[in-house]
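Read through the structure below, which is laid out as structure tokens, and then see the notes.
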Amino acid sequence: MKPDYDVAIVGYGPAGQVAAGLLGQAGLKVYVCDRLLDVYQIPRAIALDHEIMRVFQQLGVADAVLPFTEPFTNSEFYGVDGQLIRRMTMVAPPYPQGYTPSLVFTQPRVEQALRARIAEMPTVTVELGVEMRAMRQGGSGVTLEIGDATATTHEITARYAIGCDGGSSKVRAQLDLALDDLDFDEPWLVVDVLVNEQGLRKLPAVSVQYCEPERPCTLVIGPGNHRRWEISLKAGEDPRVMAQDSETWKLLSRWLTPEDGELWRQASYRFHALVANQWRKDRVLLAGDAAHMQPPFLGQGMCQGVRDAANLAWKLGAVLRGEVQGQAAQQLLDSYGAERKAHVSELTRRIKAVGAVICERDPGRARARDAQLLADCGGQVRDTPRQDILPRLEPGFLSAQTHAARGTLFPQPWLTVAGAAMRMDTYLYNGWRLVLASEVTLEIAPSPALHTLHLAQVPERDGVLHEWFARHGCVAALLRPDNYVFGVATVPADIEALADERAAMLGLQAPLTV
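Here my numbering is used: position 198 in the sequence shown is 218, and no number is missing along the way.
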């Protein structure tokens, strides 16, 4: 019997929304369920980056989302004795992805914009106020038992399913998939405050990491008058007690009084570093917090879930549309977990290193840390762009070449098209793309399977790609649908072989004629 849907998604938070949107936009029949009736109205994530805005652009929601974002301020790290020891900033313009590289945002409003876009997609069915009770797999699909608050149940079937149902994922539990512990487990209190004008005058103009052994703490400047504190809890402090209004205001007294603003949320968390050992079991895959959790020190939690969804959606879409079949299809789906697990694990390692700077509790070691950081920069604190922390893809569906650009996120320049400025993805769309430097003289026949941008014919506005090609010593880049570099050609003669390699991995005939 034919399944009801191509894909069933359990969980309708950011990862589930992006997965549903990308799959629905591709014309696939998608079912989504969530136990909540509406968007969760309290912000949990507060930061996103230009890679995520590029995914929102692909979904057609970037313009709807931007009003609820603001540029992330610099983050200044202060040591034991109040001295500046580190500063994290943004890369300088022109911005490589076509958007401000680091942003703060209001999560409920952004999620509402995503859901409004998905509501326009005729092939996506969203069922709220229900939960997945049970799941079983067969040779041709997955069956989900869906129940509501009245204990009424019904079944839906799909060819594949994705668990986007959070850190306590029922999908992961039913699949009996384990989480690997990456060795970070600390109690913190997260406090969101809507600060009035009087309070704003008391606060720093930039975000601050207080790397103080007595009580490490982070202050993030959110959109408008939203300010967030992440405050480390001490041994013996009861997290439930510390989340009470009176105790929370005591912790905030260094900065504000109750007359300076309104508590929006305070919640105690254990910050973990966990990653699923296995991301796929037959026809069911994990994404978002169901697959990983990391400390919040670079604001990458939600970003990682969106990266999961973008990575998985194009691969699952290619398999479901029959564009790749047989063993090649299984290898493509397996590459999802291989790529994302390695990326999440490496980024978590780097986040933990940032956390180690912030969270040192021993005063002597903290002073030694401060001295070492200042010595490393010659006593003059230099700007460290946040984007320099992000790793590239290493294993997975990539060329066998070892070039440094392989597996990196490719830029999105502004192009000049008929005299008007246009972002590259809007011009080329988001399939497989071949981008040629302006000096390449080859004539390449058009192919519906591989869109081509030749900078000699469609010039860029700010020289972003010219600088990228020069820095990487190449003349062409082959891009995957999720904007990562499959591989590059250092000379024009290598372009056809690069396209052939991609076609062979997909089990296709080579689409390129030069």
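All C-beta atoms, glycine included, are put in the ideal place defined by N, C-alpha and C.
Query, Result
"Given Pro-207, which residues of its chain have a CB within under 7 angstroms of its CB, disregarding the five upstream and five downstream residues?", "Leu-253, Pro-259, Ser-288 and Arg-290"
"Given a threshold of 16 other Cβ atoms within 10 Å of its Cβ, counted over all protein chains shown, does His-174 qualify as buried or as exposed?", "exposed"
"Okay, do the segment 429 to 441 and the segment 479 to 496 touch, 3+ Cβ pairs below 8 angstroms being the bar?", "yes"
"Determine which residues share a DSSP beta bridge with Pro-405 and list them.", "Thr-109"
"Does the distance from the C-beta atom of Gly-118 to that of Met-322 stay below 9 angstroms?", "no"
"With a CB to CB cut of under 6 angstroms and the five nearest residues on each side skipped, what residues in its chain are close to Glu-250?", "Trp-208, Val-210 and Thr-238"
"Please identify the residue among Pro-415, Ala-476 and Val-339 whose C-alpha is closest to the C-alpha of Arg-179.", "Val-339"
"Unbroken alpha helix (DSSP H) runs of length 4 or more, entirely within the segment 377 to 421: which are they?", "383 to 396"
"Please name the residue in Pro-113, Ser-160, Pro-23 and Leu-42 whose C-alpha comes closest to that of Lys-335.", "Leu-42"
"Would you report the Cα separation of Gly-527 and Gln-351, rounded to the nearest angstrom?", "11 angstroms"
"Tell me whether Asp-445 sits in a helix, a strand or coil according to DSSP, three-state version.", "helix"
"Taking the alpha carbon of Val-111 as the reference point, which residue from Pro-63, Arg-137, Leu-123 and Gly-281 has its own alpha carbon closest?", "Leu-123"
"List the whole-angstrom C-beta distance separating Glu-380 from Pro-512, where the pair is believed to meet the contact cut-off of C-beta under 8 angstroms.", "The pair is not a contact, with the Cβ atoms about 52 angstroms apart (cut-off 8 angstroms)."
"In terms of residue numbering, what span does the alpha helix (DSSP H) encompassing Leu-275 cover?", "For the sequence presented, residue 275 should be read as Trp rather than Leu. Taken as a continuous stretch (DSSP letters only), Trp-275 belongs to no alpha helix (DSSP H), as it is neither H nor E."
"How about Ala-362 and Asp-328: are their beta carbons less than 9 angstroms apart?", "no"
"Assuming contact is defined by CB atoms lying nearer than 9 angstroms, are Glu-71 and Pro-243 in contact in what I supplied?", "no"
"Is Gly-31 closer than 9 angstroms to Ala-310 when the C-beta atoms are compared?", "yes"
"Can you give me the C-alpha to C-alpha distance between Leu-498 and His-423, rounded to a whole angstrom?", "13 angstroms"
"Where do the N-terminal and C-terminal ends of the alpha helix (DSSP H) with Pro-91 fall, by residue?", "Premise fails: Pro-91 lies in the beta strand (DSSP E), 89 to 91, not in any alpha helix (DSSP H)."
"Along the chain, which unbroken stretches of the alpha helix (DSSP H) at least 4 residues long are found entirely within the segment 53 to 107?", "70 to 79 and 82 to 85"
"Helix or strand or just coil, what does DSSP make of Gln-286?", "strand"
"Within 10 angstroms of its Cβ, does Ala-286 collect 16 or more other Cβ (buried), or is it exposed?", "In the sequence as presented, Ala is not what sits at residue 286; that position holds Gln. Buried: at least 16 other Cβ atoms inside 10 Å."
"So within the segment 432 to 510, which uninterrupted beta strand (DSSP E) runs reach at least 3 residues, ignoring any that extend past its ends?", "434 to 437, 440 to 443, 453 to 456, 471 to 474, 496 to 499 and 505 to 509"
"Would you say the segment 395 to 415 touches the segment 456 to 463, given that touching needs at least three Cβ pairs under 8 angstroms?", "no"
"In chain order, what residues of the same chain lie with their CB nearer than 7 angstroms to the CB of Val-100, ignoring the 5 residues before and after it?", "Glu-232, Pro-233, Pro-383, Ala-386, Arg-387 and Asp-390"
"Which same chain residues, not among the five before or five after Ala-28, have their C-beta less than 7 angstroms away from its C-beta?", "Tyr-51, Val-162, Leu-164, Ile-176, Ala-178 and Ala-181"
"With DSSP as the reference, please indicate the residues paired to Gln-157 in a beta bridge.", "Val-162"
"With DSSP as the reference, label His-12 as helix, strand or coil.", "In the structure displayed, the chain extends from 21 to 534; residue 12 sits before or after that span and is not available."
"Can you tell me which of Leu-448, Leu-223, Arg-107 and His-486 puts its alpha carbon nearest to the alpha carbon of Ala-469?", "Leu-448"
"Looking at C-alpha atoms only, which residue of Ala-457, Leu-79, Asp-24 and Val-191 is the closest neighbour of Asp-502?", "Leu-79"
"Mapping the DSSP letters down to three states, classify Leu-305 as helix, strand or coil.", "strand"
"Taking its Cβ as the centre, do 16 or more other Cβ atoms sit within 10 Å of Asp-302, making it buried, or is it exposed?", "exposed"
"Return the first residue and the last residue of the alpha helix (DSSP H) that Asp-520 is part of.", "515 to 525"
"So, Phe-125 versus Gln-229, is the Cβ gap smaller than 9 angstroms?", "no"
"Here's a check: name, in chain order, each residue in its chain whose Cβ is nearer than 7 angstroms to the Cβ of Trp-315, leaving out the five neighbours to either side.", "Sequence inspection shows Pro at residue 315; the Trp mentioned does not correspond to that position. For Pro-315, where only same-chain residues beyond five positions count, the Cβ hits under 7 angstroms are Phe-204, Phe-291, Ala-293, Ile-371, Lys-372 and Gly-375."
"With the cut-off set at 9 angstroms, would you say Val-59 and Arg-135 are in Cβ contact?", "yes"
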